[in-house]
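Visitor:
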Amino acid sequence: NGSIPCNLGDTPIEDPVYGVDKNTLHKTVPYLDSSIDIMAVGNLPNELPRDASRYFGEQLLKHIFEDLVGAGSPVIDRATMVRNGIITGPFKYLEEYGRG
96 NGSIPCNLGD TPIEDPVYGV DKNTLHKTVP YLDSSIDIMA VGNLPNELPR DASRYFGEQL
156 LKHIFEDLVG AGSPVIDRAT MVRNGIITGP FKYLEEYGRG
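Below you can see the structure in the form of structure tokens.
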């Protein structure tokens, strides 16, 4: 029911990323081939300046919105994890995990 539990805590904005070892699920330094990198800034909404947030929204509208409302976008198709209750091809590796 939900995401893969790999968030091992929040981080400060000064050091926002840590790794989680893919096999042991223990916290590691980030950017290792054997880890999944997590950015989990605990106070992120307060850290983002208003203009950065506005810019991000403008970029989403400019580059993504049309793909979201249109049909058959390869970008959105590749990013879609579940369609009509079925896990899509690139994310089939999550099926076993989803079954518990």
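The numbering of the sequence shown is our numbering, which starts it at 96 and goes up by one.
We treat Cβ as the ideally placed atom computed from N, Cα and C, and that holds for glycine.
Please return the same chain residues whose Cβ sits closer than 7 Å to the Cβ of Lys41, not counting the five positions on each side in sequence.
Guide: Residue 41 cannot be examined here, being either before or after the span of the chain that is shown, 96 to 195.
Visitor: Give me whichever residues DSSP pairs with Ile106 in a beta bridge.
Guide: Looking at the sequence itself, residue 106 is Thr, so the reference to Ile does not match. Per DSSP, Val136.
Visitor: Whole angstroms are fine: how far does the CA of Gly180 sit from the CA of Ser129?
Guide: Rounded to the nearest angstrom, the two C-alpha atoms are 31 Å apart.
Visitor: Consult DSSP for Ser148 and reduce its assignment to one of helix, strand or coil.
Guide: Ser148 falls in the helix class under three-state DSSP.
Visitor: Can you check DSSP and say which residues form a bridge with Tyr113?
Guide: The partner list for Tyr113 (beta bridge, DSSP) reads Ile133.
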